[in-house]
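Numbering (UniProt numbering), first residue to last: 1 to 174.
The structure is reproduced here in structure tokens:
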């Protein structure tokens, strides 16, 4: 399998991918609290493709997993007890890391975390940050396995959609 940046011709496949991921989560255990056609959705794929920040894991012509890696923090990040000071251009933030239901438990989440860390080191940033819904134990274990440290709890609710409290994580690279 190959990790690469998504391109505009991936937009419809990403829209379908996000729908399949969110409907699966809604039917099982919705660890991240995502809502079909709300978040993540086609507009999120479009914005991240346009900004060249969407990474996909391809299995042939099929998208098996994806994540967004950029310099954008959510409003709740100002509540973090970060281990180091870093300007936006000195950090990368992982968003929306997800795996298609057909590819669960095949190591793709680990592969994507490794890619995010590798990209952060290549770009020379000081730190990688992210947030995880407070009930998303599998994601917390994943990030902690790679050395991410908890940096507090923040209210990440946007409107009435999505989870309220998230745990903030950071991996210091310097």
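Glycine included, each C-beta is placed from N, C-alpha and C at the ideal position.
(request) Pull up the DSSP beta-bridge partners for residue 43, would you. (result) Working through the chain shown from its first residue, we reach residue 43 at position 43. Answer by DSSP bridge pairing: none, since residue 43 is not bridged.
(message) So for residue 108, helix, strand or coil by DSSP?
(response) For the purposes of this step, residue 108 is taken as residue 108 along the chain shown, with counting starting at 1. Helix.
(message) Once DSSP output is grouped into helix, strand and coil, what is the label at residue 66?
(response) As a position in the chain shown, residue 66 is number 66, starting the count at 1. Annotated three-state conformation of residue 66 is strand, per DSSP.
(request) Output yes or no for whether 8 Å exceeds the beta carbon distance between residue 108 and residue 57. (result) Residue 108 sits at position 108 when you count from the first residue of the chain shown. Residue 57 sits at position 57 when you count from the first residue of the chain shown. Taking the C-beta atoms as reference points, residue 57 is found nearer than 8 Å to residue 108.
(message) Using CA atoms only, rank isn't needed, just tell me which of 155, 83, 29, 41 is closest to residue 68.
(response) Along the chain shown, one-based indexing puts residue 68 at 68. For residue 68, the closest C-alpha among the options 155, 83, 29, 41 is that of 41.
(message) residue 129 and residue 156 - do their beta-carbons sit closer together than 8 Å?
(response) Your numbering for residue 156 matches position 156 in the chain shown. Your numbering for residue 129 matches position 129 in the chain shown. The beta carbons of residue 156 and residue 129 sit no closer together than 8 Å.
(request) Following the continuous beta strand (DSSP E) through residue 13, name the residue where it begins and the one where it ends. (result) One-based indexing of the chain shown puts residue 13 at position 13. From DSSP, residue 13 is part of no beta strand (DSSP E) but of the alpha helix (DSSP H) over 11-27.
(request) For residue 154, name the three-state secondary structure that DSSP assigns. (result) As a first step, residue 154 must be located in the chain shown, where it is residue number 154. In the structure shown, residue 154 falls within a strand segment according to DSSP collapsed to helix, strand and coil.
(request) Please say whether residue 133 and residue 98 have beta carbons closer to each other than 8 Å? (result) Along the chain shown, one-based indexing puts residue 98 at 98. Along the chain shown, one-based indexing puts residue 133 at 133. In this structure, residue 98 sits away from residue 133, with a CB-CB distance that is not shorter than 8 Å.
(message) With the cut-off set at 8 Å, would you say residue 6 and residue 54 are in Cβ contact?
(response) Here residue 6 corresponds to residue number 6 of the chain shown, with the count starting at 1. Here residue 54 corresponds to residue number 54 of the chain shown, with the count starting at 1. Yes, they are a contact pair.
(request) Using three-state DSSP, classify residue 89 as helix, strand or coil. (result) Taking the first residue of the chain shown as position 1, residue 89 is located at position 89. For residue 89, the secondary structure class from DSSP, reduced to helix, strand or coil, is helix.
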